[in-house]
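J.: What follows is a structure written as C-alpha cells; I'll ask about it next.
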Amino acid sequence: MKSTKFIDISELEDIFGEMDNSETCETVESLQADFILKLSVLTNCVEQNDISTFKLNAHSLKSNCCYLGATELNQNSYQLELTTSFKDDNFSSNWATFKNTFDSTMSEIQETIEQLK
C-alpha cells in the first residue's frame, strides 16, 4: 500500500516520522483537500489570465507533492510553474498533461485513504 504508480506515502514517514494509520489518513486527507483547492485556484487563474497567482500556486502544489511522493505530479507542476503566458503553445500541452496526472494522482490518493480507514 505504501507505493503506487503516482504516489508513495512512505515519504510521509521520511518527513514526519512514524505515524499510525489514523494520523497518516488525516495527513493524506489534508493534502488531498489542498490539492483540490490548488486545482481550483489554477483553473481560475487560467480563466482570469492571472499568471503570477498561477505560478505561485503551481509552485505550492509542486512542493506539497513531495509529502506524498507524487513525483510525476511534482514534475508536471514544475512545468506549469515555468509558464510565462497562457497563450504559449506549450501551455496547452502542459496543462492537459498536468490535469491527466492530477486526476490519476487523486484517484490513488482516494484509494489510499480508503485503505487507511
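Going by this note's numbering, the first residue of the sequence shown is number 1013, and it counts up by one from there. Beta carbons: idealized from backbone N, C-alpha and C, even for Gly. Just so you know, these numbers come straight off a predicted model, no measurement behind them.
By alpha-carbon positions, which one of Thr1016, Thr1039, Phe1018 and Lys1017 ends up nearest to isoleucine 1027?
T.: As a first step, residue 1027 must be located in the sequence shown, where it is residue number 15. Of Thr1016, Thr1039, Phe1018 and Lys1017, the residue nearest in Cα terms is Thr1039.
J.: Can you name, in chain order, every residue of its own chain whose Cβ lies under 8 Å from the Cβ of asparagine 1056, other than the five neighbours on each side?
T.: Sequence index remark: in the sequence shown, residue 1056 carries index 44 (1-based). Cβ within range, chain order: Asp1062.
J.: In the stretch 1031 to 1079, which residue ranges form an unbroken beta strand (DSSP E) of at least 3 residues, counting only runs that do not cross its ends?
T.: Correct list: empty.
J.: Are the CB atoms of leucine 1054 and asparagine 1033 within a distance shorter than 8 Å?
T.: Working through the sequence shown from its first residue, we reach residue 1033 at position 21. Working through the sequence shown from its first residue, we reach residue 1054 at position 42. The answer is no: Cβ separation not under 8 Å.
J.: According to DSSP, is threonine 1083 helix, strand or coil?
T.: For the purposes of this step, residue 1083 is taken as residue 71 along the sequence shown, with counting starting at 1. In this structure, threonine 1083 counts as helix in the three-state DSSP scheme.
J.: In whole angstroms, give me the CA-to-CA distance for leucine 1092 and threonine 1124.
T.: Along the sequence shown, read from residue 1 onward, the residue named residue 1092 stands at position 80. Along the sequence shown, read from residue 1 onward, the residue named residue 1124 stands at position 112. Computed Cα separation, rounded: 26 Å.
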